[in-house]
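Numbering (my numbering), first residue to last: 165 to 296.
Data block below; observations after.
If you want it as structure tokens, here you go:
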């Protein structure tokens, strides 16, 4: 069985999230998502609208996701890859090169992001009173 892992906050789930999860799952048989905890997001200077447990439930309901694990720190990726016997590590291409150090453990793939959609854009649009 070919195992794939990706990481993220996955707040305000949108088509970009679905696209990357679908494409990541297509690279193997089993997809694990490392979901940033609220505490880790705080360390990164981020705050998710939905708390960890709600984001986890949402991800678990998506058919492409086989397992969700908590992401507590930047440093745990190597450990997760080894413990879960990961074959492919996937991130959006805005991270290109950042995780190349993992290539000695598994294949590293950076997938193109969905154009014109991101959680940051959604939040910004809502703040400025976006309307159709």
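Glycine residues also receive a C-beta, built at the ideal position from the N, C-alpha and C atoms.
Residue 200 has 235 as its beta-bridge partners, per DSSP. Taking 8 Å as the cut-off, the Cβ atoms of residue 219 and residue 225 do not count as close. Counting along the chain, the unbroken beta strand (DSSP E) around residue 171 starts and ends at 167 to 172. Taking the CA atoms as reference points, residue 214 sits about 12 Å from residue 199.
Just so you know, the alpha carbons of residue 248 and residue 169 end up roughly 9 Å apart.
Within the stretch 247 to 294, complete beta strand (DSSP E) segments of at least 3 residues are found at 252 to 256, 271 to 275, given in chain order. Residue state for residue 216 is assigned as helix, using DSSP reduced to three classes. In this structure, DSSP gives residue 191 a state outside helix and strand, which the three-state scheme calls coil. Looking from the CA of residue 276, the closest CA among 251, 184, 174 belongs to 184. The residue from 283, 282, 273, 236 with its alpha-carbon nearest to that of residue 206 is 236.
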